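A short worksheet on the structure shown next.
Number of protein chains: 2
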Amino acid sequence: MPKIVDHNKRKEEIAKATWRVISREGMRKATVRNIANEAGISLGALRYYFSTQEELLIFAMKLVHEQVKERMEKIFASPMNPKEKLTALMLELIPYNDVTRIEMEVWLEFVIHYRKSGIPMKMTDGIRSFVEFLINILQEEGLLKKDRDKDFEAERLYALIDGLAIHAVMEPERLNAERIRGLFMRHFEEICDFPK
Amino acid sequence: MPKIVDHNKRKEEIAKATWRVISREGMRKATVRNIANEAGISLGALRYYFSTQEELLIFAMKLVHEQVKERMEKIFASPMNPKEKLTALMLELIPYNDVTRIEMEVWLEFVIHYRKSGIPMKMTDGIRSFVEFLINILQEEGLLKKDRDKDFEAERLYALIDGLAIHAVMEPERLNAERIRGLFMRHFEEICDFPK
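Protein chains in written order, with my numbering: chain W, 5 to 200; chain B, 5 to 200.
Put into structure tokens, the structure is as follows:
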């Protein structure tokens with residue numbers, strides 16, 4: 005009887021091998037051959053799961069999004085107070101440890117790669133619409149200060165997230181988790197009135 | 005008598021051909037062969053000016069910095085009022101037209117490329133130290149609001165600049181010059197007291 009393999013699990017393993025190759029050597033080394041090698045499978049086996057390199061790269065990218073989304077949904081549903089919750093959510097979008105650093109590197113490489121490829125993909129919609137959603141909730145719950153402009157605060161927070169994310173990739177020692185947490189905490193204290 | 009060629013001018017032309025290749029096709033296509041082709045010179049002629057690809061890429065990157073710096077120094081010395089001057093300076097760091105868009109794309113590609121190459125280069129020091137310098141000046145001139153923390157404001161402004169820069173590369177229609185100008189104007193109004 006043939007060995008039964010969990011098809012999705014295998015696809016995820018290949019996607020994670022793709023991240024490691026991209027993170028270590030950059031997008032230009034993310035060939036199906038190198039990825040198969042990293043995953044410890046044959047080129048033929050890889051082709052069974054992904055018929056083109058493009059298909060594999062898009063799957064690998066979507067898996068980054070799903071992982072981040074899953075972690076954020078958990079935080080969202082948790083019983084933290086608003087200020088802690090907001091800061092914890094933001095921290096998930098900044099590379100502050102090895103897992104999130106790889107996600108960010110992969111994301112950056114993908115964005116640049118797809119800009120050149122001409123394939124239409126809205127990579128950033130996830131974070132921007134999440135930020136808008138967040139600012140709306142803050143207003144609905146009466147936390148956003150009365151004099152705040154929602155459009156401005158959403159655009160600024162969105163820029164702050166991606167600016168800190170890219171800086172944390174470049175200067176991981178200086179922009180460590182504690183410093184990033186402190187920056188967001190202060191920013192939210194400025195735009196919100198939190199209950200004491 | 006041999007034709008006299010301006011050595012530096014020729015090097016700049018080659019650097020600008022490098023930008024065009026990187027902007028159009030990405031770093032992986034920035035080979036000496038493609039660059040010579042784009043510049044309309046032979047491979048031998050290119051090698052006369054730059055003996056290695058690395059040397060050429062670093063020169064091309066430094067030229068981006070110099071151009072931006074030169075434009076900013078002009079603005080700094082101009083007779084605008086503080087709020088206009090601050091906003092104009094910020095706008096030079098965001099890709100809001102074809103020239104600055106190419107600079108930003110080249111910068112992003114370089115940053116990612118050099119991270120992988122292991123060559124130690126402090127790419128971001130320019131903007132970060134400029135932002136710190138700016139916040140210090142605002143304080144010295146009594147423009148920065150009294151309750152503001154300099155370290156926080158410098159880090160936030162630095163993140164805001166690069167966040168908006170990367171978003172403007174991704175969504176040039178939405179984040180046009182007017183919108184970016186308005187965002188910075190509002191941010192500075194919030195952290196500064198400008199004379200009426």
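Ideal Cβ placement from N, Cα and C applies to all residues, glycine included.
Small disclaimer: the values here were computed from a predicted structure and weren't measured.
Between the alpha carbons of isoleucine 18 of chain W and isoleucine 62 of chain W lies a distance of about 12 angstroms.
For leucine 148 of chain W, DSSP records a beta bridge to W:Cys196. Sixteen is the threshold: when 16 or more other Cβ atoms of the shown chains lie within 10 Å of the Cβ of valine 135 of chain W, as they do, the residue is buried. Contact between the stretch 161-178 of chain W and the stretch 159-171 of chain B is present: three or more C-beta pairs spanning the two stretches fall below 8 angstroms.
When C-alpha distances from aspartate 197 of chain B are compared across B:Glu145, B:Asp10, B:Arg183 and B:Gln71, the shortest belongs to B:Glu145. Boundaries of the alpha helix (DSSP H) harbouring threonine 22 of chain B: 11-29, taken from the DSSP string.
Under the 8 angstroms Cβ criterion, the stretch 47-62 of chain W does not count as touching the stretch 139-155 of chain W, having fewer than three qualifying pairs.
As the crow flies, the alpha-carbon of asparagine 12 of chain W is around 12 angstroms from that of lysine 20 of chain W.
Under a 10 Å Cβ-count criterion, tyrosine 162 of chain W is classified as buried, with 16 or more other Cβ atoms of the shown protein chains found around its own Cβ. Under the rule that a run must span 4 or more residues, the alpha helix (DSSP H) segments found entirely inside the stretch 44-101 of chain B read 47-53, 57-81 and 86-95.
Look at leucine 179 of chain W here: in three-state DSSP terms it is coil, with no helix or strand label. The C-beta of leucine 50 of chain W comes no closer than 9 angstroms to any C-beta of chain B.
Interface flag for glutamate 182 of chain B against chain W is unset, since no Cβ pair is found closer than 9 angstroms. Among the residues of the stretch 153-167 of chain B, those with a Cβ less than 8 angstroms away from any Cβ of chain W are Asp153, Phe156, Glu159, Arg160, Tyr162, Ala163, Leu164, Ile165, Asp166 and Gly167, in the order of the chain. In this structure, the straight-line span from the alpha carbon of alanine 43 of chain W to that of valine 25 of chain W is close to 10 angstroms. Straight through space, the alpha carbons of methionine 31 of chain B and histidine 117 of chain B are spaced by roughly 7 angstroms.
Shown here, alanine 172 of chain W sits in a helix according to DSSP, grouped into three states. When DSSP states are grouped into helix, strand and coil, alanine 34 of chain W belongs to the coil group. Using beta-carbon distances, valine 110 of chain W does not count as an interface residue toward chain B, since no partner is under 9 angstroms. For the C-beta of valine 135 of chain B, not a single chain W residue is nearer than 7 angstroms; the gap to the nearest is close to 11 angstroms.
Neighbours of arginine 32 of chain B in chain W, taken as residues at a C-beta separation under 7 angstroms, are given in chain order as Arg32. For aspartate 10 of chain B, the closest alpha carbon among the candidates B:Tyr53, B:Glu70, B:Arg37 and B:Ala34 is that of B:Tyr53.
Separation of the CB atoms of glutamate 96 of chain B and methionine 76 of chain B is rounded to 5 angstroms, and the pair is thereby assigned contact status at 8 angstroms. Residue nearest to threonine 56 of chain W within the set W:Ile39, W:Leu90, W:Ile98 and W:Arg178 is W:Ile39 (criterion: CA-CA distance). Ranked by Cα distance from aspartate 151 of chain W, the options B:Phe188, B:Glu194 and B:Ile131 are led by B:Glu194. Within 7 angstroms of the CB of arginine 105 of chain W, no CB atom of chain B is found; the nearest one sits about 11 angstroms away.
Looking at the backbone, the Cα of glycine 186 of chain W and that of alanine 158 of chain B are separated by about 14 angstroms.
Looking from the CA of serine 27 of chain B, the closest CA among B:Asp155, B:Pro176, B:Lys200 and B:Val110 belongs to B:Val110.
Looking at B:Glu113, B:Lys15, B:Asn85 and B:Asn140, the one whose alpha-carbon comes closest to that of alanine 34 of chain B is B:Glu113.
Between the alpha carbons of asparagine 85 of chain W and methionine 94 of chain W lies a gap of roughly 14 angstroms. In this structure, W:Glu16 is the residue among W:Leu50, W:Pro83, W:Ala81 and W:Glu16 with its C-alpha nearest to the C-alpha of glutamine 71 of chain W. Leaving aside the five residues that flank leucine 47 of chain B on each side, the residues in its chain whose CB is nearer than 8 angstroms to its CB run, in chain order, Val36, Arg37 and Ala40. Around leucine 67 of chain B, the same chain offers Glu16 and Ala19 as residues with beta carbons nearer than 7 angstroms, after the five sequence neighbours per side are excluded.
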